[in-house]
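Per my numbering, residue 102 is the first one in the sequence shown, and the count goes up by one each step. Data block below; observations after.
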Amino acid sequence: MTDGHQPTGPQPINPPKTKGRPSPDYSAPAFLEAGAQHMRDRASLRDAPDGERSMAKTVAAFNALYGKDLTEEEGWMFMVLLKQARASQGKFVADDYEDGAAYFGLAGEAAAGARG
102 MTDGHQPTGP
112 QPINPPKTKG
122 RPSPDYSAPA
132 FLEAGAQHMR
142 DRASLRDAPD
152 GERSMAKTVA
162 AFNALYGKDL
172 TEEEGWMFMV
182 LLKQARASQG
192 KFVADDYEDG
202 AAYFGLAGEA
212 AAGARG
């Protein structure tokens, strides 16, 4: 869910010493709040009241191209796995966790709509 802006989300619980700068908050609620803020940001960027809901169109196109039958929920879960894979390598990037939280929430929303 990165769109070129600097993440405003979570900061570390036990932050490193910084000179004159506030320490980041990397608490669990901060990650969740940042993920929710990313979704609100998408709503204004995509001009949709409920935020970006492009996964249904995405999986429909994927299914048509590749002869598969992914659901919207599975599409969001694919994105969760992508963020998990990215988070498992290299340096810590808060955005991986912020977006992962948002994608998991979107998967839950899709699942409730389809199977609720």
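Virtual Cβ for every residue (Gly too), placed ideally from N, Cα, C. On a predicted model such as this, the values are computed, not experimentally measured, just so you know.
| field | Ranges of the beta strand (DSSP E) found wholly within the region 141 to 207, counting only runs of at least 3 | value | none
| said: Using only the alpha-carbon positions, how far apart do Leu93 and Phe205 sit? | reply: This structure cannot speak to residue 93, because the chain is shown only from 102 to 217.
| Roughly how many whole angstroms lie between the Cα atoms of Ala203 and Ala211? | Counted from its first residue, the sequence shown places residue 203 at position 102. Counted from its first residue, the sequence shown places residue 211 at position 110. Approximately 12 Å between the Cα atoms of the pair.
| request: Could you tell me if Lys184 is buried or exposed, where buried requires 16 or more neighbouring beta carbons within 10 angstroms of its beta carbon? | output: Sequence index remark: in the sequence shown, residue 184 carries index 83 (1-based). When all chains shown are included, Lys184 counts as buried.
| What is the C-beta distance between Tyr127 and Ala195, in whole angstroms, given that I count them as a contact (C-beta under 8 Å)? | As a working note, residue 127 is residue 26 in the sequence shown. As a working note, residue 195 is residue 94 in the sequence shown. Indeed they touch by this definition, with Cβ atoms about 7 Å apart.
| message | Following a CB-centred definition, is Ala135 positioned closer than 7 Å to any heavy atom of the ligand COA? | response | The ligand content of the structure shown is nil, which means the ligand COA is not present either.
| query | So is Phe193 buried or exposed if we call it buried at 16+ other beta carbons inside 10 Å? | reply | As a first step, residue 193 must be located in the sequence shown, where it is residue number 92. Counting Cβ neighbours within 10 Å, Phe193 comes out exposed, since fewer than 16 surround it.
| query | Nearest-angstrom Cα distance between Glu175 and Ser124? | reply | As a working mapping, residue 175 is identified with position 74 in the sequence shown. As a working mapping, residue 124 is identified with position 23 in the sequence shown. The alpha-carbon atoms of Glu175 and Ser124 are separated by roughly 36 Å.
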